[in-house]
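Reviewing the structure listed below.
Protein chains: 2
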Amino acid sequence: MQRGSLVDWIAVDWGTSRLRAWAMSDGKVHAQAESDDGMRGLTRDRFEPTLLSLVEPWLTAQSTPVVACGMVGARQGWVEAPYQTVPIKPLSATPVPVPQGDPRLAAYVIAGLKQTTPPDVMRGEETQIAGFLALNPNWDGVICLPGTHTKWAQVSAGEVVSFQTCMTGELFALLSTQSVLSHSIAQKGWDAGKFEDGLADALSRPERLATRLFSVRSRDLLEAAPKEGARAYLSGLLIGAELAATRAYWLGQNLAVIGSREVTEHYAQALSLQGAPAVIADADRMTLAGLIEAYRSLKETV
Amino acid sequence: MQRGSLVDWIAVDWGTSRLRAWAMSDGKVHAQAESDDGMRGLTRDRFEPTLLSLVEPWLTAQSTPVVACGMVGARQGWVEAPYQTVPIKPLSATPVPVPQGDPRLAAYVIAGLKQTTPPDVMRGEETQIAGFLALNPNWDGVICLPGTHTKWAQVSAGEVVSFQTCMTGELFALLSTQSVLSHSIAQKGWDAGKFEDGLADALSRPERLATRLFSVRSRDLLEAAPKEGARAYLSGLLIGAELAATRAYWLGQNLAVIGSREVTEHYAQALSLQGAPAVIADADRMTLAGLIEAYRSLKETV
Chain Y
1 MQRGSLVDWI AVDWGTSRLR AWAMSDGKVH AQAESDDGMR GLTRDRFEPT LLSLVEPWLT
61 AQSTPVVACG MVGARQGWVE APYQTVPIKP LSATPVPVPQ GDPRLAAYVI AGLKQTTPPD
121 VMRGEETQIA GFLALNPNWD GVICLPGTHT KWAQVSAGEV VSFQTCMTGE LFALLSTQSV
181 LSHSIAQKGW DAGKFEDGLA DALSRPERLA TRLFSVRSRD LLEAAPKEGA RAYLSGLLIG
241 AELAATRAYW LGQNLAVIGS REVTEHYAQA LSLQGAPAVI ADADRMTLAG LIEAYRSLKE
301 TV
Chain B
1 MQRGSLVDWI AVDWGTSRLR AWAMSDGKVH AQAESDDGMR GLTRDRFEPT LLSLVEPWLT
61 AQSTPVVACG MVGARQGWVE APYQTVPIKP LSATPVPVPQ GDPRLAAYVI AGLKQTTPPD
121 VMRGEETQIA GFLALNPNWD GVICLPGTHT KWAQVSAGEV VSFQTCMTGE LFALLSTQSV
181 LSHSIAQKGW DAGKFEDGLA DALSRPERLA TRLFSVRSRD LLEAAPKEGA RAYLSGLLIG
241 AELAATRAYW LGQNLAVIGS REVTEHYAQA LSLQGAPAVI ADADRMTLAG LIEAYRSLKE
301 TV
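For the record, the sequence lines run as chains Y and B.
Under this note's numbering, the residue at position 219 of the first sequence is numbered 219, and the numbers go up by one with no gaps.
Under this note's numbering, the residue at position 99 of the second sequence is numbered 99, and the numbers go up by one with no gaps.
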């Protein structure tokens, strides 16, 4: 690519722990870049230089539009993009402009969604949902977006009607690396049978979760249970507990799972074992599709 | 106290994070000492000097018996004291002698208990249970020992018949200090009403635990919920989940709760709200009573 010659705008996914950027040209990805400079730990004055260090090769003397989604719009982010209240079409608010800084950037941040009763929030997933709906027009059903904080969103007529959050990914990370169970759990590896055991234990007696967790440690001490299996069992327990908690959301619904490959397969398998098949969509692809939607509507309104 | 003049033996409670010692004389506590030198992080050759640095003022040229309970008897401890299998009277195995080191010490470590089906283990709590039974002869029922890993033990005719472990204390610590919820939770403070709300939410719909946790964060972001209340609510949620998981243990049983003052009161209150009153006993006092029992039987057998 010639320096800056072809870039119409820049799509940015800026989460808690990761920053990704795509140089967009004629509606297609011309180049991409990423770093570990998530918004966590960045003070407000560090966002612009951090982004510049990643995308500077794509810029020209003219102002290049930047559309960003994710935690970058939080109160502690680059600019606060106030939550929109469900039920609402995702991306229906105009992205919030970042106060002028470097003249080569004209940056906008997408608003997250909030729910009043029961209280809940999302930032970033609304863009993936909008991308999924752009690629699957007229799709109604429930979308599961597994991650550090898994979101379950009920979608109808293009709107997010309601949603809820489970801390499954964060719980798994804490338990498998910070708790006493960490001594009994491999940091990688898998055992599909143990994953299904965990799912079954959690789903058959979800109220017993509190007593199941320590069994991972006891089975290691008393039975030298393999640590890859323990990893899969813990994941099964926690995803099973999540499915038990969200049963009213997914039972009998049209289902989609949006996420990274590995975790998406685990959720889809877990749902399938409950007789609830789900379509799978790649999170990065949905994010980009959503950012393209946001840029399109921004061009119409700005 | 004159240097070493009156000490018959030394009682030691050596857990993961704390070391406590009592100088015993004529069946009474003559002096006590404690440090943060828990067994975690100590290599095997560091146990003796660590204990000596705490109890040296109590020693004479003659050998002083030491009886220790807790994680000090784990595989990575001072000496491994193999688990005894339930059903069994706690302390029915002779404490395991530590190989001779400093001639001023003659140390013994109490064995923990294990259960084969479902697999579970305890180290330290068996001594508290023995102490409780020594002080309450012929007591039958269920003993709850809240802590980092809460134990529930079914006791009958002086034996521990079965038991189970919940990671409630460790989960609370991880969630309130390491997770995203930490931003919304005070590190101290309490709200009795919010504690009861958490209990009720967990006990009425225990299968929904996975979706309740994140509400602590959402309520802070959307409603500026007070952080002391969030602390009490999370505690209520997790203790409620534990009571839901252990209902078959405590329902309709004679109940005792052994622990430190604050946590014991929370558990007793939670049980009481479920119509299950419990007697309360102080953990340190039960530990010491159990160590005295162990020393008594050791004198008879050695």
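Just so it is clear, CB atoms sit at the ideal spot from N, CA and C, and this is done for glycine as well.
All figures in this text were calculated on a predicted structure; none of them were measured in a lab.
8 Å Cβ cutoff, residue i in contact with chain B
| i | result |
| --- | --- |
| Y:Arg123 | no |
| Y:Leu174 | yes |
| Y:Thr94 | no |
| Y:Leu209 | yes |
| Y:Arg219 | yes |
| Y:Glu34 | no |
| Y:Ser179 | yes |
| Y:Leu6 | no |
| Y:Arg3 | In this predicted model, Y:Arg3 has a pLDDT of only 45, less than 50, meaning its place in the structure is not dependable; the value taken from the coordinates is given anyway. Answer no: the Cβ-Cβ gap between Y:Arg3 and chain B never drops below 8 Å. |
| Y:Ala81 | no |
| Y:Glu170 | yes |
| Y:Glu223 | yes |
| Y:Ser215 | yes |
Identity of the residues DSSP links to residue i by a beta bridge
| i | result |
| --- | --- |
| B:Ala256 | B:Ile143 and B:Val279 |
| B:Thr64 | B:Leu105 |
| B:Asp26 | Beta-bridge pairing links B:Asp26 to no other residue. |
| B:Gln115 | B:Asp120 |
| B:Thr150 | B:Cys166 |
| B:Leu155 | Before going on, a small fix: residue 155 of chain B reads as Val here, not Leu. In the DSSP output, where bridge partners are listed per residue, B:Val155 has B:Gly141 and B:Val160. |
| B:Trp9 | B:Met24 |
| Y:Pro97 | Y:Tyr108 |
| Y:Trp14 | Y:Leu19 |
| Y:Ile88 | Y:Val160 |
| B:Gln32 | B:Trp22 |
Chain Y contact for residue i (CB, 8 Å cutoff)
| i | result |
| --- | --- |
| B:Cys166 | yes |
| B:Ser184 | no |
| B:Ser235 | no |
| B:Lys114 | yes |
| B:Val279 | no |
| B:Pro119 | yes |
| B:Thr43 | no |
| B:His149 | yes |
| B:Ser17 | no |
| B:Ala244 | yes |
Minimum C-alpha distance to residue i - residue among the options
| i | options | result |
| --- | --- | --- |
| B:Gly193 | B:His266, B:Arg285 and B:Asp36 | B:His266 |
| B:His30 | B:Leu54, B:Asp8, B:Gln253 and B:Thr50 | B:Asp8 |
| B:Ser218 | Y:Asp120, Y:Thr94, Y:Gln84 and Y:Ser218 | Y:Asp120 |
| B:Leu234 | B:Met39, B:Thr264, B:Ser204 and B:Asp191 | B:Asp191 |
| Y:Arg46 | Y:Gly198, Y:Asp102, Y:Trp78 and Y:Glu126 | Y:Trp78 |
| B:Ala93 | B:Pro82, B:Gln100, B:Pro103 and B:Asp102 | B:Pro82 |
| B:Ala215 | B:Leu181, B:Leu271 and B:Ile129 | Contrary to the premise, residue 215 of chain B reads as Ser rather than Ala in this sequence. The residue with the shortest Cα to Cα distance from B:Ser215 is B:Leu181. |
| B:Asp282 | B:Phe172, B:Phe195 and B:Gly259 | B:Gly259 |
| Y:Gln100 | Y:Met122, Y:Ser63 and Y:Ala230 | Y:Ser63 |
| Y:Gly147 | Y:Ser162, Y:His183 and Y:Phe172 | Y:Phe172 |
| Y:Ala23 | Y:Arg40, Y:Met39, Y:Asp102 and Y:Leu52 | Y:Leu52 |
Residue i versus residue j: straight-line alpha-carbon distance, rounded
| i | j | result |
| --- | --- | --- |
| B:Glu80 | B:Thr43 | 13 Å |
| B:Leu105 | B:Cys69 | 16 Å |
| B:Ser35 | Y:Ala268 | 50 Å |
| B:His149 | Y:Val86 | 40 Å |
| Y:Gln2 | Y:Leu59 | Unreliable placement is indicated for Y:Gln2, whose pLDDT of 45 sits below 50; the coordinate value is still reported in the next sentence. Their Cα atoms are separated by approximately 11 Å. |
| B:Val257 | B:Leu145 | 6 Å |
| B:Thr50 | B:Asp37 | 7 Å |
| Y:Thr168 | B:Ala11 | 43 Å |
| B:Gly4 | B:Pro57 | Note that B:Gly4 scores a pLDDT of 45, beneath 50, so its modelled location is shaky; the value from the coordinates is reported in the next line. Cα to Cα, B:Gly4 sits roughly 6 Å from B:Pro57. |
| Y:Ala33 | B:Ile185 | 36 Å |
| B:Glu262 | Y:Leu174 | 25 Å |
| B:Ala232 | B:Thr301 | 48 Å |
| B:Thr127 | Y:Ala74 | 51 Å |
| Y:Tyr295 | Y:Asn254 | 29 Å |
| B:Ser204 | B:Glu196 | 12 Å |
| B:Asn136 | B:Thr211 | 42 Å |
| Y:Gly252 | Y:Gln164 | 18 Å |
| B:Pro90 | B:Val160 | 7 Å |
| B:Ile110 | B:Ala130 | 12 Å |
| Y:Leu6 | Y:Ser25 | 6 Å |
| Y:Ala230 | Y:Leu199 | 13 Å |
| B:Gln84 | B:Met122 | 10 Å |
Counting pairs of beta carbons, one from the stretch 108–121 of chain B and one from the stretch 241–256 of chain B, are three or more of them closer than 8 Å? no
Are the stretch 274–282 of chain B and the stretch 154–170 of chain B in contact at 8 Å, needing three or more beta carbon pairs? no
Any 3 or more C-beta pairs closer than 8 Å across the stretch 57–72 of chain B and the stretch 286–294 of chain B: yes
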